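Colleague:
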Amino acid sequence: MHEFIPGQRWISDTESELGLGSVVKLEGRTVTLRFEASDATRVYASANAPLTRIRFDSGDQVEDQQGEALHITSVSEQQGLLIYSVRQQDGNTRQLPESELSHYLRFNKPRDRLLTGQLDANHWFELRYHSLHHQAQLAESANYGLQGARIDLIPHQLYIAHEVAGRHAPRVLLADEVGLGKTIEACLILHQQLISGRTNRALILVPSPLLHQWLVELLRRFNLHFSIFDEERCTAIIESGQASNPFHAEQLVLCSLDLFSQNPQRFSQALEGEWDLLIIDEAHHLAWSEDDPSPEYLLVEALALNTPGILLLTATPEQLGRAGHFARLRLLDPDRFHSLEAFLAEEQAYRPAAEAIDRLMQRTPLSEDAQAQILDQFGEEECAKLLAMISDADSDEAQRESARSALIELLLDRHGTGRVMFRNNRAGISGFPEREFHGYPLPNPECYDAEQIDPQQSAPPDAWLTPERIHAAAGLKEWWRTDPRVSWLCRFLRENPEPKLLLICAHAQTAIELQEALRSLEGIGAALFHEGMSIIERDRAAAWFADPDQGSRILLCSEIGSEGRNFQFAHHLVLFDLPLNPDLLEQRIGRLDRIGQQQTVRVHVPYLSPGPQERLVRWYHEGLDAFHHTVPGAHTIFSQLAPALQQVLEEDEAEAELEPLLAATAELRQQTAQRLQQGRDHLLELAGCRQPLADQIVRQIRSLDSSSRLYEYCERLFGCFGAEVEPLGNGFVLRPAEQISNNRLPGLPDDGLTLTFDRADALAHEDRQFLTWEHPMLREAMQQVISQESGNSSAIALRHPEMKPGQLLIEALFQIECIAPAELQVGRFLPPQLIRVLVNPQGERLDQQLTIDQIAQQGEPLPPQSTAPVLRRFRKEILELISAAEKSAEKELRPKVKQALDNMMERFTGEIQRMIALRKHNPSIRRVEIELLQQQGLTLHQQIQGARLRMDALRLIVTL
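Numbering (numbering that gives the first Met the number 0) for the sequence shown: 0 to 959.
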């Protein structure tokens, strides 16, 4: 076990690119290191930290933090800290504590290992080269972080993830309609942010019933290992001494808001968690009004103010009305969304932009009024040129098409909430199943006669939609023996023995009593899912229902069954009662009606007739058409008609008003759909997925999926690590070799892993892990190859018809290293490129004539007994060859640095100018975004200018 003392200097074995680190804090069983060169902080378990202590020896060259080159003459130790005696360039000597060493020091051991005969097998050198080569290519990919998820390649999901994940500290509302995959989008963004280094610490808050579902999805689809935090876990962490603040013990945490509302201390600790990204699922539960925000809203608001990035997820952004929608946008940007009144007024200006975009997409000429509106709203200087080109008869079609596309992009960019909210609807996305509605009118039993109820029994206004609860409260315990809906359910199960049935009802007690009814009346064991069960019990019930062989035929859910859980393997949905809120009805149907559903969704509604249940069924079916289709603006329609609907449901004598209500609802539905299509929602749909870019991302990922490069690399990797591969259908089983106890693949358990390179195979077989360049095992293995010494020093004999025997050649691998904070993503402009140099004694470059694969094919192992004499006898010549390789590589570095600086300046200058122009017309562009871009540009310029070459590996070649 290492002994850590503040001030000591260490390097990370797994993240050497961080530079030289300093021990800054010891707490419990953890040690914290600060890496100033990369502006990063890491917390490690003291017992097994992947760190190496840095100690220089007499004769070594170092730099201090002012950049002065110093020559070490001796080393001493005081209280666990190293003190170097150094000679300055002017000849004077002084003491240099290790804490004052440059943060940017490089460590290069290939030369030392080669000259002292510490040589590795050539297959390790070749693996090292290919690891560096592929790592450099991946760093340049715009889609790195989006390929590795076990998901179907659905364009709108990948587009949103690509658009959002590339931002610094993204703050957005993901509001796709039910079934379009908001959870996938959020996890893709999270995954890309983690892989890119923009995010290190993430907190996800979800309703308690969804904790385990999120945990499993994060692990199974994205290979992300989150920890569920509850009160028991927090207490255990503190009592074990692992950390005084439990939220500092893990980087990736998943919990529910209940943990904070029930224990204010835990909330205070979470606020001190220094999160990079906060994700809130089911955000429509955060109730807000200007005078009385809910406690849950205030908790999230405090976290949002303390966290740079935030993703809010809701399928029903207007479930609590326009004020509720405004409140969620206010969490994302309180400066921009400061006034509800101003927000509502601004939305009225969206319609002209939507109409203009429609005409441009249809290649229809814009009227003079439309052009004037565009110029007035978005600025004459930027739009006039494009409008002129579109209408110029002398422009060719390609020019006009380019101008149309540019103007569409400009208008979408300026859309009021287009940067902070993404919403796709089903009308614009293919792949959804059809819906069938089956209504079953049933006679209202005498026991539900209102006159037989004790008048002292009070009930909420919509209680008659669930009469069994009123009567159970009045003493009718076995209501299910006389309720015709239960008889219908038993009959339906007898007549349809094959399909799985998901039944949703409003109350947990109803679900419990239905389970008893099915057992007593039919001998059917039904799975049960309600809020009174523990998370583990709910997961077991869901798994029992999902089991195709031994599983339950029916799952009985209370209302929480409509929140988040997906059961698209079933296609029969029974609604034992109906919610009054149409958004909640859509959430219920959305448990089955989702992308991935392979069959028609059949919605079965048994209802009591006559009475309020029948009237509500008719309102949903004939008025809203909510059983067959999603209804845009359903909450707005409901809000306007709620008083009339409530009266029709509550008062039997008001039934005469039902027909006019149905007609008014149908008319309002058509008007609302038309208004939303013309205005705000249509613009959101257009901005939510720009199809050409989305299709391009899909094509690029599919091309990467089908490439043989990964397979060929893994063959090398598995061979070097001695892993055994056993074919299994389209996949394979990977196991560690029995005779190899060390140097094994990281993350490979003793019993092996079942893997596949094929996306479709991974989706069809959950027991097979999807192996991509982003898989943790592969990423860790590549990093292990690069960070360790194996393969950085080697020798080989080469027979080549054009090579004179007896020559010495040096093959050198260099990396362009630019140490910078990970969130700057300097690799976009100067990725960790690999420079391979092969030089002969005349200083000539031969790497173009002799590739590394050609050397592998024509080379022969150099016997150890031959290597040592060569190294001793030709030491001077070898050093000269190494020096020649370094000078040659240095010549390649400067042009690459200049190109990187030019690209960076062009990108940042253009983006800053664009953001400044956008802000004039779109206040959702935050001022801090522009300031961050300016600061990032300055920092990147400094860091790129300081890029250096790092010698990574050397191979001596002796020609025969």
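Beta carbons are placed, not taken as given, at the ideal position from N, Cα and C, and that holds for glycine.
Here the structure is a predicted model, which is why all the values come from computation and not from measurement.
Using the beta-carbon count (16 or more within 10 Å), is residue 361 buried or exposed?
Modeller: One-based indexing of the sequence shown puts residue 361 at position 362. Classification of residue 361: exposed, given that the 10 Å Cβ count is below 16.
Colleague: Leaving out the 5 sequence neighbours to the left and right, which residues in its chain are closer than 7 Å to residue 192 when beta-carbon positions are compared?
Modeller: Here the question's residue 192 lines up with position 193 in the sequence shown. Only 164, 198 and 276 meet the Cβ criterion.
Colleague: By the 10 Å Cβ neighbour count, where 16 or more other Cβ atoms means buried, how is residue 432 classified, buried or exposed?
Modeller: Looking up residue 432 in the sequence shown gives position 433. Under this definition residue 432 is a buried residue.
Colleague: Could you name the residues that DSSP lists as bridge partners for residue 226?
Modeller: Residue mapping note: residue 226 aligns to position 227 of the sequence shown, counting from 1. The partner list for residue 226 (beta bridge, DSSP) reads 252.
Colleague: When the Cα atoms are used, what is the spatial distance from residue 19 to residue 9?
Modeller: What you label residue 19 is simply residue 20 of the sequence shown in a count that begins at 1. What you label residue 9 is simply residue 10 of the sequence shown in a count that begins at 1. When rounded, the distance between both Cα atoms is 6 Å.
Colleague: Measure the CB-CB distance between residue 535 and residue 210 and report whether it falls below 8 Å.
Modeller: Taking the first residue of the sequence shown as position 1, residue 535 is located at position 536. Taking the first residue of the sequence shown as position 1, residue 210 is located at position 211. Cβ distance not < 8 Å, so residue 535 and residue 210 don't count as in contact.
Colleague: In whole angstroms, what separates the C-alpha of residue 112 from that of residue 792?
Modeller: Position 113 of the sequence shown, counted from the first residue, corresponds to residue 112. Position 793 of the sequence shown, counted from the first residue, corresponds to residue 792. Taking the straight line joining both Cα atoms gives about 6 Å.
Colleague: Rounded to a whole number of angstroms, what is the C-alpha to C-alpha distance between residue 964 and residue 816?
Modeller: This structure gives no information on residue 964, because the portion of the chain shown stretches from 0 to 959.
Colleague: Under a three-way DSSP split, which group does residue 996 fall into?
Modeller: Because the chain spans 0 through 959 in this model, residue 996 falls outside it and cannot be assessed.
Colleague: Report the three-state DSSP secondary structure of residue 29 (helix, strand or coil).
Modeller: One-based indexing of the sequence shown puts residue 29 at position 30. Strand.
Colleague: What residues in its chain sit with their C-beta under 7 Å from that of residue 370, if we drop five residues either side in the sequence?
Modeller: Your numbering for residue 370 matches position 371 in the sequence shown. The answer, listed in chain order, is 386.
Colleague: Quick one: is residue 759 buried, meaning 16 or more other Cβ sit within 10 Å of its Cβ, or exposed?
Modeller: Here residue 759 refers to the residue found at position 760 when the sequence shown is read from its first residue. Burial call: exposed.
Colleague: Going by Cα to Cα distance, which pick from 823, 146 and 29 is closest to residue 2?
Modeller: One-based indexing of the sequence shown puts residue 2 at position 3. Comparing Cα-Cα distances from residue 2 to each of 823, 146 and 29, the minimum goes to 29.
Colleague: Scan the segment 459 to 522 and note each continuous alpha helix (DSSP H) run of 4 residues or more that stays entirely inside, going in chain order.
Modeller: Listed in chain order, they are 466 to 472, 483 to 494 and 507 to 521.
Colleague: Would you mind stating whether residue 838 and residue 887 have Cβ atoms separated by less than 8 Å?
Modeller: Here residue 838 corresponds to residue number 839 of the sequence shown, with the count starting at 1. Here residue 887 corresponds to residue number 888 of the sequence shown, with the count starting at 1. It is a contact, given that the beta carbons lie within the stated cut-off.
Colleague: Under 8 Å, with one C-beta from each stretch per pair, do the segment 229 to 243 and the segment 179 to 190 reach the 3-pair mark?
Modeller: No contact exists between the segment 229 to 243 and the segment 179 to 190.
Colleague: Can you find at least 3 beta carbon pairs, one from the segment 83 to 93 and one from the segment 844 to 863, that sit closer than 8 Å?
Modeller: The segment 83 to 93 vs the segment 844 to 863: no contact.
Colleague: Answer yes or no: the CB of residue 154 versus the heavy atoms of the ligand GDP, is any distance below 7 Å?
Modeller: For the ligand GDP, the structure offers nothing, since it holds no ligand at all.
Colleague: Ends of the beta strand (DSSP E) at residue 84?
Modeller: Position 85 of the sequence shown, counted from the first residue, corresponds to residue 84. Segment 80 to 86, the beta strand (DSSP E) holding residue 84.
Colleague: Nearest to residue 938 by CA position, among 859, 819, 145 and 882, is which residue?
Modeller: In the sequence shown, residue 938 corresponds to position 939, counting from 1. The shortest C-alpha separation from residue 938 is found at 819.
Colleague: So what does residue 798 bridge to, in DSSP terms?
Modeller: Counting from 1 along the sequence shown, the entry for residue 798 is found at position 799. According to DSSP, which records beta bridges pairwise, residue 798 is partnered with nothing at all.
Colleague: In whole angstroms, what separates the C-alpha of residue 614 from that of residue 657?
Modeller: If you number the sequence shown from 1, residue 614 lands on position 615. If you number the sequence shown from 1, residue 657 lands on position 658. Looking at the two C-alpha atoms, the distance is approximately 7 Å.
Colleague: Taking the CB atoms as reference points, tell me whether residue 154 and residue 690 lie closer together than 8 Å.
Modeller: One-based indexing of the sequence shown puts residue 154 at position 155. One-based indexing of the sequence shown puts residue 690 at position 691. Contact flag set, yes.
Colleague: Roughly how many angstroms separate the alpha carbons of residue 147 and residue 58, rounded to a whole number?
Modeller: What you label residue 147 is simply residue 148 of the sequence shown in a count that begins at 1. What you label residue 58 is simply residue 59 of the sequence shown in a count that begins at 1. Computed Cα separation, rounded: 47 Å.
Colleague: Taking the beta carbon of residue 499 as the centre, do at least 16 other beta carbons fall within 10 Å, making it buried, or is it exposed?
Modeller: Residue numbering aside, residue 499 sits at position 500 when the sequence shown is read from its first letter. Answer is buried; the Cβ neighbour count reaches 16.
Colleague: Does the separation of the CB atoms of residue 23 and residue 13 fall below 8 Å?
Modeller: For this step, residue 23 is matched to residue 24 along the sequence shown. For this step, residue 13 is matched to residue 14 along the sequence shown. Contact: no.
Colleague: Return the chain-ordered ranges of every beta strand (DSSP E) run that is complete within the segment 231 to 310 and spans a minimum of 3 residues.
Modeller: For the segment 231 to 310, whole beta strand (DSSP E) runs of length 3 or above, ordered along the chain, are 251 to 254 and 276 to 279.
Colleague: Which residue's Cα is closest to the Cα of residue 944: 893, 539 and 510?
Modeller: Locating residue 944 in the sequence shown gives position 945, counting from the first residue. Selected option, being the one with the closest Cα: 893.
Colleague: Would residue 454 be called buried (16 or more neighbouring beta carbons within 10 Å of its own) or exposed?
Modeller: Against the sequence shown, residue 454 aligns to sequence position 455. Here residue 454 scores only 42 on pLDDT, less than 50, and its place in the model should not be relied on; the value that follows carries that caveat. Residue 454 comes out exposed.
Colleague: Is it buried or exposed for residue 546, if we count other Cβ within 10 angstroms and need 16 for buried?
Modeller: Residue mapping note: residue 546 aligns to position 547 of the sequence shown, counting from 1. Residue 546 should be labelled exposed.
Colleague: Evaluate residue 243 with the Cβ neighbour count: other Cβ atoms within 10 Å of its Cβ, from every protein chain shown; 16 or more gives buried, anything less gives exposed.
Modeller: Stepping through the sequence shown from its first residue, residue 243 is reached at position 244. By the 10 Å Cβ count, residue 243 comes out exposed.
Colleague: Here's the rule I'm using: 16 or more other beta-carbon atoms within 10 Å means buried, otherwise exposed. How should residue 256 be labelled?
Modeller: By 1-based counting over the sequence shown, the position of residue 256 is 257. Residue 256 is buried by the Cβ-count criterion.
Colleague: Following the continuous beta strand (DSSP E) through residue 608, name the residue where it begins and the one where it ends.
Modeller: Looking up residue 608 in the sequence shown gives position 609. Residues 600 to 608.
Colleague: Classify residue 445 as buried or exposed, calling it buried when 16 or more other Cβ atoms lie within 10 Å of its own Cβ.
Modeller: Looking up residue 445 in the sequence shown gives position 446. Answer is exposed; the Cβ neighbour count stays below 16.
Colleague: Just how far apart, CA to CA, sit residue 786 and residue 354?
Modeller: Residue 786 sits at position 787 when you count from the first residue of the sequence shown. Residue 354 sits at position 355 when you count from the first residue of the sequence shown. When rounded, the distance between both Cα atoms is 56 Å.
Colleague: Mind checking residue 121: buried by the 16 CB within 10 Å criterion, or exposed?
Modeller: Here residue 121 is taken as the residue at index 122 of the sequence shown, counted from 1. Buried, since its Cβ has 16 or more Cβ neighbours within 10 Å.
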